[in-house]
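Student:
Residue numbers (the UniProt record's numbering): 1 to 296.
1) Whose CA, out of 240, 270, 276, 44, lies closest to the CA of residue 283?
2) Terminal residues of the continuous alpha helix (DSSP H) containing residue 83?
3) Identify the continuous beta strand (DSSP E) that holds residue 21 and give its terminal residues.
4) Use the C-beta contact count for residue 76: other C-beta atoms within 10 angstroms, 16 or more gives buried, fewer gives exposed.
5) Under the DSSP definition of a beta bridge, which residues are partnered with residue 187?
6) Mind checking residue 221: buried by the 16 CB within 10 Å criterion, or exposed?
7) Check the DSSP bridge columns for residue 281 and list the partner residues they point to.
8) Assuming contact is defined by CB atoms lying nearer than 7 Å, are residue 60 and residue 72 in contact in what I supplied?
9) DSSP three-state label for residue 52, please.
10) Beta-carbon within less than 8 Å of residue 178's beta-carbon, same chain only, minus the 5 sequence neighbours each way: which residues are those?
11) What is the DSSP secondary structure of residue 128, counted as helix, strand or coil?
12) Under DSSP, the alpha helix (DSSP H) around residue 224 begins and ends at which residues?
13) Whole-angstrom Cβ separation of residue 161 and residue 136, contact assumed at under 8 Å?
14) Leaving out five residues on either side along the sequence, give the residues of the same chain with a beta carbon under 6 Å from the beta carbon of residue 70.
15) Answer with buried or exposed for residue 54, where buried requires no fewer than 16 other C-beta atoms within 10 angstroms of its C-beta.
16) State the beta-bridge partners of residue 137 as determined by DSSP.
17) If you count every other CB in all the chains shown that lies within 10 Å of the CB of residue 208, and 16 or more means buried, which is it?
18) Across which residues does DSSP place residue 38 in a beta bridge pair?
19) Could you work out which residue in 277, 268, 247 is closest to residue 290 when comparing CA atoms only?
20) Reducing DSSP to helix, strand and coil, say where residue 259 ends up.
21) Looking at the secondary structure, which residues open and close the alpha helix (DSSP H) in which residue 66 lies?
22) Could you check the C-alpha separation between residue 168 and residue 19 for me, to the nearest Å?
23) Hey, how far is the Cα of residue 298 from the Cα of residue 57?
24) For the alpha helix (DSSP H) containing residue 104, list its first residue and its last residue.
25) Figure out for me which residue from 22, 33, 80 has the closest Cα to the Cα of residue 94.
26) Helix, strand or coil for residue 176? Go by DSSP, reduced to three states.
27) Report yes if the CB atom of residue 81 is closer than 7 Å to the CB atom of residue 106, and no otherwise.
28) Starting from the C-beta of residue 83, find all residues in its chain whose C-beta is less than 6 Å away, skip the five residues before and the five after it, and write them out in chain order.
29) Give me whichever residues DSSP pairs with residue 236 in a beta bridge.
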């Protein structure tokens, strides 16, 4: 039995007490051209790449016994492979996810059969104006033979896109002074992209309804620009209404058909004198807003 716990919030880690083996390179600094930056110019920008090789349980026991790095997956070789991959690129990557996919391939090639799953996080600190960070988090499982010895199971991929600490000014609060002056609200967003099964079901549903299915990558910088404008022009009494409205606008944006769900966390730094902030967080699926009228 696996014992694990999770603290509230999409930014907190799952604590797993089962046997796990991981080799990783954390925040390798590179310059990459993944298309337009925060000033809409396609040019190299600073990035940090983190790679986590989730190995099969007990794989590292041999290296733990022999004390020989050759019995492990060499993280030095992993870092060099990533740097070589980035340095050799002469054309822009197909976005941050395209870069993450290429790094994933390098990681699987290096780890071989030892690796059950590869997680790659591409952080772009200069991607979004007024935000502390933007990251694309891609987890890919290894292909594996079916339990019955049948056809090999293909890889599966999970993608999360995070916008960290977007600081904007808006009218929010119930007290008279709060209705007269804007105050800072720190907003964090996590977009959960749909998997292959969800994408297939959406496309099939659109065909059955004789509708045109939206395809193509989500333009997250433009989405955040649109949300930022809406936030700065909005007026709310409560953070509860604020986060629900942001979630609705994000899920119903014209280019987010590939997003399955979103988490919105909003914090007011000035609400409580002796606390860093007070806040509210909600997670909503895109389906929960489809077909429902906007809240009054």
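In this text, a Cβ means the ideal position worked out from N, Cα and C, and glycines have one as well.
Tutor: For this structure:
1) 240
2) Element bounds for residue 83: 75 to 87.
3) 21 to 32
4) By the neighbour-count rule (16 or more Cβ atoms within 10 Å), residue 76 is not buried but exposed.
5) 166, 266
6) buried
7) 265
8) yes
9) strand
10) 171, 172
11) coil
12) 220 to 233
13) 5 Å
14) none
15) buried
16) DSSP output for residue 137 lists 121, 160 as bridge partner(s).
17) Per-residue confidence for residue 208 stands at a pLDDT of 49, beneath the threshold of 50, marking its modelled position as unreliable; no derived number is given.
18) Residue 38 pairs with nothing; no bridge assigned.
19) 247
20) strand
21) For residue 66, the enclosing alpha helix (DSSP H) has its first and last residue at 61 to 66.
22) Approximately 43 Å between the Cα atoms of the pair.
23) Residue numbering for the chain in the displayed model covers 1 to 296; residue 298 lies beyond these limits and cannot be assessed.
24) From DSSP, the alpha helix (DSSP H) with residue 104 extends over 95 to 111.
25) 33
26) DSSP places residue 176 in the helix class (H, G or I) of the three-state scheme.
27) yes
28) none
29) 172
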